[in-house]
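Asker: In the numbering used here, the protein residues as written are 444 to 545. Every residue gets a Cβ at the ideal spot worked out from N, C-alpha and C, and that includes glycine. All of these numbers come straight from a predicted model, not from anything done at the bench. Would you mind keeping the following structure in view while I ask a few things?
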């Protein structure tokens with residue numbers, strides 16, 4: 444089996460730019476599938492939104508001009524940890540940062 448080094452920070456940069464990394468999206472040693480990339484608006488500013496998942500887990504990322512806000516959820520641990528709640532919290536924190544000038 445071939446060993447390969449994964450640079451998660453470089454992968455995160457690609458995802459924040461709205462790209463789909465060739466080696467896949469890796470976070471904390473686990474591979475996620477990007478299911479959606481779209482634009483949203485927070486406080487009148489455009490933000491990139493990326494949603495990725497794996498069985499019972501997921502990630503929501505909002506990217507502003509100055510910040511990358513990432514939330515992770517694991518439905519196996521707590522039923523209320525889900526994509527909807529995760530996206531609400533990440534959006535709210537992104538809004539807070541944008542209002543604070545970030």
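1. With distance defined between alpha-carbon atoms, name the residue in 479, 465, 495, 508 nearest to residue 486.
2. Where do the N-terminal and C-terminal ends of the alpha helix (DSSP H) with residue 542 fall, by residue?
3. From 473, 446, 468, 490, pick the residue whose C-alpha is nearest to that of residue 540; which is it?
4. Quick check on the DSSP output: the alpha helix (DSSP H) that includes residue 458 runs from which residue to which?
5. Going by DSSP in three states, residue 500 sits in which element: helix, strand or coil?
6. Indicate the three-state DSSP secondary structure (helix, strand or coil) for residue 507 in the structure shown.
7. Who pairs with residue 474 in a beta bridge, going by DSSP?
Answerer: The structure says:
1. Taking the first residue of the chain shown as position 1, residue 486 is located at position 43. Distances from the CA of residue 486 to each of 479, 465, 495, 508 were compared; the closest alpha carbon is that of 508.
2. In the chain shown, counting from the first residue as 1, residue 542 sits at position 99. Residue range 526-542 is occupied by the alpha helix (DSSP H) that includes residue 542.
3. To locate residue 540, count along the chain shown from 1; it is residue 97. Checking every option, the nearest Cα to that of residue 540 belongs to 490.
4. Within the chain shown, numbered from 1, the residue matching residue 458 stands at position 15. Run containing residue 458: 451-459, per the alpha helix (DSSP H) assignment.
5. Position 57 of the chain shown holds residue 500. Strand, per DSSP.
6. Working through the chain shown from its first residue, we reach residue 507 at position 64. Annotated three-state conformation of residue 507 is coil, per DSSP.
7. For the purposes of this step, residue 474 is taken as residue 31 along the chain shown, with counting starting at 1. DSSP output for residue 474 lists 469 as bridge partner(s).
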